[in-house]
């Protein structure tokens, strides 16, 4: 017995001493660590793919619905859903009591910065990796394009924001001391990133067909042109837009109805888009067809076209774009033979109208027909937008002829005559109107109204506020049976607009609290 | 002849006497309180024995020639009495109230209670079993001094959290649970234990007691000792109880009032009313539709117990079932325990315990939140004419306020969990000499949890309240844990010196694997088709992974006792953990303590003080409760679409920011105590003062959002300090047939933040989207952890004049958007602007003190037990007020809100005016409007029992009891005892999101033994 116990004792102690190192080695299963994975080319490409997530994210609530609210806060749309009590959405759409604590601002802010961090990881780490040099240049170009895209989104919505350009600085204690950079500083970063991207990225036609959808030289140039337009650097905007035109990579779709068309996923007009497909397992489909759709057609009734927008089409005699932009209650859906009398739920939908651009015809709806599973691509930049950037910048750059030529290109497609004698402010207004009609409900309007200035005043000041054109129309001129009948959304939308406050949105409340006030709030919020 | 006759008579008497002696002895056992039933009587050196009956009488046939009887009973000093030829014995047992010679389980060994120099709360199983509960933690409330029992919902199978002596760590506050020497994995709770198997629970509260558990002990240690077999003839005891749990219905607005409130919200904003009051069609009492008033609880157990000199055995079988108040949902547990002690030789002792258990949950969603919000205008079911082409899950009404129909939700809930567990605990002890022994214990925990759910296809409202494709999932989790303790013990007495030395080597490893399969489109919703193979859809998903962690430890302990007057204790533990980076894997923990029993000194002769002992201790413990991967940067993947043909591509992203320099958190603990016994220990008092301090606190820090960090980052930051008093006071007295006992505990605690890392000096939690993404909780330096955070209010503006006078020096209005009837917020920094700088501490969820009071009484065959618990000075964040007093988002409201909210006619109201837009942000920020005093006193248990006398039964007791019968509180919510179960105690305590409330339970029970 004694021998036995001694033996057991020695075995135990021996085991204890010999095994300590191995015994405590418990690797993490299934999840690679950053160091482990960054060694392969495949993984680096996947990291760059991941940097695209921030453009749309993987659900409706982070970014997509925010973009939709931005259209609700324009004169093209109503908030729409009059059934659900959502003062948090209405307050933004109506500029009435905009809440600094709104989750929409917070998640948009957060997820754009998440996108930036994904870019920063790649930009910082890729230099040291052993990759094919051409691929490496392209990947850097893609991430710089995306980083610029995200900062552009942020600066348009919030003004100056904190600037982070590396991954390492996130791990330094000083990160907690960061403050907002100025708008100029943010734009300088955007411009530099886009210039780098223009240099590094291939043309659309130089990509393999399996890479369609990645950022291209044309996309970087188009966004740079847009940034110059926002900065009112007209000549640079013209020059940059002209590069895209001269590249011959893009053209207008012959038929307007083919721009937003689920049967035309590889259109010639697209410059930058997110591609979507029906895939219930991985959920890599689109959202807007459902989130802007009619309640009685499996939709959510949010962000519905206003009669004020419809009137703009009617005043112009623009039926071709109207029928491919707005679906009206009781009428057949253009391009969907399966729907001859659309139900836009007038009792629950302020305007009884629906966005046709995001609508998916019955025949192309796969099961389950739900947000996150829709097959229609979402276009962020298309050739018509670029031509209108060119036209507008040319006008302000003093080249009215070029402006008129591009305006005519856009109008010719939809069989509208162009008055080639237009000049001065009439021409300017015609370009602005064209921009509205062409790009209606594509989530550009609010930013255009804030950007475009009349006598130095942002145009939005004329549209909203107690004497705003949109407000006056709704309170005195509007005869639309649906909008007048449905009192669920207040007719005076936008009357509380404050030009000293509402040209940018509030910085998320929680960011100010978390930074203990180092990140400051925008004026008057 | 005369001599012969005398001799013969003498002989006769001798023979007769010896015959009687050999055959039978009878007698009565008494104590100061009267006769004693249930006393175990054993003939020494044999397995022959019996138990006294209800009157304290016993009969025993004797076996040996010179018999000595051993009388024993819990709570009394064991007594040995030689029979000496007597046939009738009268035995008086001495009470052993303080149990000074009682053996107490400490970490990796035992000690005499008398020798303890640390702070240990002991709760006896018989006291715990006064209540019928599924989880024994529930009955510990108020019984164990220094232990807070925190409920986070009282639904079937719920497990309250135990909080021992406040909070010094932010990473999990759950104590380590050790069952019969086997430490359970982190996060284990007491649910799996059949309460009647528990002999006692000992809570190691201070560092000098718990330091021997090193890195696992920073939240204290709960040692559970299960019942074992006793020497003697086998006995069988059974107990059963059945009860009804009553749920109290809150008073909600009916359809008419709801519609009026909704209209008022609009009209007060200058908008159009929503509802035409004359055409309200439905008035649904959602509570009544969803909840039953009563749910059943039942508990049955049977136990066999006995032993010989070689083998003692205990075998128990128990069944517990608790139903929910919904149409579906219950928890049941079937458990079997078999504990065998085998004395193989006089040196070799083997223990083999096996505990098999089966648990089954029918899970149901928590519906309280939805039931209290859904509008009463919605009908439960659609009218018959609208049900065409709808399946049985789609025939429900759809709420206009977008709360999903709770009746439909319950009806289509198919979610079950099955748990099968095997726990084996083997101990081998070998005495090398009388003083030196070695032992090895292997605890194995093998279990499997299966969770099945099925989501039928239903469309109540397309793309809103629907599931277009039925889904089915089955998930298996297998865990295998082992604990291997190897100890050497040396114990020796040299005159008045007594030393006890222990050294050991411990290995612990936990491994868990899971496999989860999911498919879509199940062909039929019949129960026979709720299996993966019945699915036909192309959506096939499979998930699986493995996690593991290990711990290796060396330990040593020395105890010294000089003449039962001076006591000293020291321990050491060295731990290595797989959860930390290789460079920081190992850490050492020490403890020291000492005691002086003044009452044993010769100079001490105060007759009425029977026991007086002072003690002091210091100990270090650690914390490794962090995710196994916390030090690494982790990469996860998602999907994206590129290419002409829309191909799916893989995307990578960092899902966790790691911290390669992560290390142990340590807690340093000081404890000072005094034990007093007065009047022959009739009155006992234990008083402890403790100071616990943590350093290198493990904390999941939040970076600002602009860093784009996908997660919090685990860091070693700062220090918490927890201080408090633990007092327990007991009194026992017998007068004639009456016996009384009072036990009380009284505890205070304050856990404050001493320091935090730069830049993280404010830790905010409980961000509420609905309240403007404000945080409800703050932890900051110099303050108690986890305080409520928000704006301070000063009543309600009664007039525009009051709004106008609420301005800064220049006349600038502080609340320009306010209207009469809105909350007045305090501008803390007097800068004339109400912003984030005015956020302040608005409440404390921790009680100033908490206290338990137990009262026992016996009179002849009657017994009575009362258990009270009270919590004083704690605040509750009544989150439901957000919905109930505002109607936000069309939520239903409390009854009477129309009249109780502010209006010009009701200008003294304490509830703000009704408004949908809410320009003053009454219901868009966190404020003390939501804070209420959550103090309460609760009668946790009242039990009255009667013992019937049957000659064949040693016990036949019938009782009735009521649990949670009365709660005295000012709190207006459902239950002041609340905690958010989804987060830590710091972040969750005192926030009322309407969990399953504690229910009033009425029980009838029976205990039989023979």
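Chains as they are written, first to last, in my numbering: chain A, 64 to 588; chain B, 2 to 1011.
Quick reminder that beta carbons are idealized off the backbone N, C-alpha and C, glycines included.
Neighbouring residues, chain A, relative to residue i (Cβ below 8 Å)
{"i": "residue 773 of chain B", "result": "162, 163, 164, 165 and 572"}
{"i": "residue 637 of chain B", "result": "94"}
{"i": "residue 649 of chain B", "result": "340, 342, 345 and 347"}
{"i": "residue 427 of chain B", "result": "Within chain A, no residue comes near residue 427 of chain B; the closest Cβ sits about 14 Å away, beyond 8 Å."}
Residue span of the alpha helix (DSSP H) that contains residue i, given as start and end
{"i": "residue 113 of chain A", "result": "104-114"}
{"i": "residue 495 of chain A", "result": "487-501"}
{"i": "residue 398 of chain A", "result": "Neither: residue 398 of chain A is in no alpha helix (DSSP H) and is coded neither H nor E."}
{"i": "residue 900 of chain B", "result": "898-901"}
{"i": "residue 83 of chain B", "result": "No alpha helix (DSSP H) contains residue 83 of chain B, which is instead part of the beta strand (DSSP E) from 80-83."}
{"i": "residue 139 of chain B", "result": "138-141"}
{"i": "residue 302 of chain A", "result": "297-310"}
{"i": "residue 321 of chain A", "result": "Residue 321 of chain A -> no alpha helix (DSSP H), and no H or E assigned at all."}
Residue range of the unbroken beta strand (DSSP E) whose run includes residue i
{"i": "residue 945 of chain B", "result": "937-948"}
{"i": "residue 454 of chain B", "result": "437-456"}
{"i": "residue 598 of chain B", "result": "587-598"}
{"i": "residue 475 of chain A", "result": "Where residue 475 of chain A is concerned, there is no enclosing beta strand (DSSP E), although the alpha helix (DSSP H) it sits in stretches over 463-476."}
Neighbouring residues, chain B, relative to residue i (Cβ below 8 Å)
{"i": "residue 409 of chain A", "result": "Simply none; closest approach about 16 Å."}
{"i": "residue 128 of chain A", "result": "Near residue 128 of chain A there are no residues of chain B at all, since even the closest Cβ is about 13 Å away, more than 8 Å."}
Whole-number beta carbon distance between residue j and residue i, since they are thought to touch under 8 Å
{"i": "residue 298 of chain B", "j": "residue 219 of chain B", "result": "Not really, about 35 Å apart at Cβ, beyond 8 Å."}
{"i": "residue 335 of chain A", "j": "residue 443 of chain A", "result": "5 Å"}
{"i": "residue 214 of chain A", "j": "residue 189 of chain A", "result": "At roughly 19 Å, the Cβ-Cβ gap does not stay under 8 Å, so residue 214 of chain A and residue 189 of chain A are not in contact."}
{"i": "residue 815 of chain B", "j": "residue 792 of chain B", "result": "Actually they do not touch by this definition, with Cβ atoms about 11 Å apart."}
{"i": "residue 725 of chain B", "j": "residue 751 of chain B", "result": "6 Å"}
{"i": "residue 122 of chain B", "j": "residue 147 of chain B", "result": "6 Å"}
Within chain B, partners of residue i - CB distance below 7 Å
{"i": "residue 579 of chain A", "result": "763"}
{"i": "residue 344 of chain A", "result": "540 and 542"}
{"i": "residue 277 of chain A", "result": "643"}
Neighbour list for residue i in chain A, Cβ cutoff strictly below 7 Å
{"i": "residue 633 of chain B", "result": "91 and 96"}
{"i": "residue 859 of chain B", "result": "Near residue 859 of chain B there are no residues of chain A at all, since even the closest Cβ is about 49 Å away, more than 7 Å."}
{"i": "residue 321 of chain B", "result": "The contacting residues do not exist; residue 321 of chain B stays about 36 Å from chain A at best."}
{"i": "residue 470 of chain B", "result": "430 and 431"}
Per-residue contacts from residue i into chain A (C-beta, under 9 Å)
{"i": "residue 918 of chain B", "result": "150, 153, 154, 159 and 160"}
{"i": "residue 284 of chain B", "result": "In chain order: nothing, as chain A lies at least about 20 Å away."}
{"i": "residue 265 of chain B", "result": "Under the 9 Å cutoff, chain A gives no residues; its nearest Cβ is about 13 Å from residue 265 of chain B."}
Within chain B, the residues that residue i reaches when beta carbons sit closer than 9 Å
{"i": "residue 363 of chain A", "result": "464 and 465"}
Please list the segments of the alpha helix (DSSP H) lying wholly inside the stretch 189-263 of chain A, counting only runs of 4 or more residues, in order along the chain. As far as the stretch 189-263 of chain A is concerned, its whole alpha helix (DSSP H) runs of at least 4 residues are 196-221 and 246-263.
Those runs of the alpha helix (DSSP H) which lie wholly inside the stretch 336-421 of chain B and span at least 4 residues: As far as the stretch 336-421 of chain B is concerned, its whole alpha helix (DSSP H) runs of at least 4 residues are 369-372 and 407-412.
Minimum length 4: unbroken alpha helix (DSSP H) runs contained in the stretch 212-280 of chain B: Segments of the alpha helix (DSSP H) lying fully in the stretch 212-280 of chain B: 256-268.
Interface positions of the stretch 451-464 of chain B facing chain A (Cβ-Cβ less than 7 Å), listed along the chain: The stretch 451-464 of chain B vs chain A, Cβ under 7 Å: 463 and 464.
Using a beta-carbon distance cut-off of less than 8 Å, what residues from the stretch 210-227 of chain A approach chain B? The stretch 210-227 of chain A vs chain B, Cβ under 8 Å: 224, 225 and 227.
For the stretch 408-437 of chain A, which residues have a beta carbon sitting closer than 8 Å to at least one beta carbon of chain B? Here the close residues are 430, 431, 432, 433 and 434.
Proximal residues, the stretch 530-544 of chain B versus chain A, C-beta separation under 9 Å: From the stretch 530-544 of chain B, only 538, 539, 540, 541 and 542 have a Cβ closer than 9 Å to chain A.
Residues of the stretch 867-880 of chain B with Cβ closer than 9 Å to any Cβ of chain A, in chain order: Legend: CB atoms of the stretch 867-880 of chain B lying less than 9 Å from CB atoms of chain A are not found in any residue.
Entirely within the stretch 526-562 of chain A and at least 4 residues each: give me those alpha helix (DSSP H) ranges in chain order. Within the stretch 526-562 of chain A, the complete alpha helix (DSSP H) runs of at least 4 residues are 532-535 and 544-548.
Just to confirm the assignment: which complete beta strand (DSSP E) runs, minimum length 3, are found wholly within the stretch 809-869 of chain B? Runs found: 824-826, 841-844 and 850-860.
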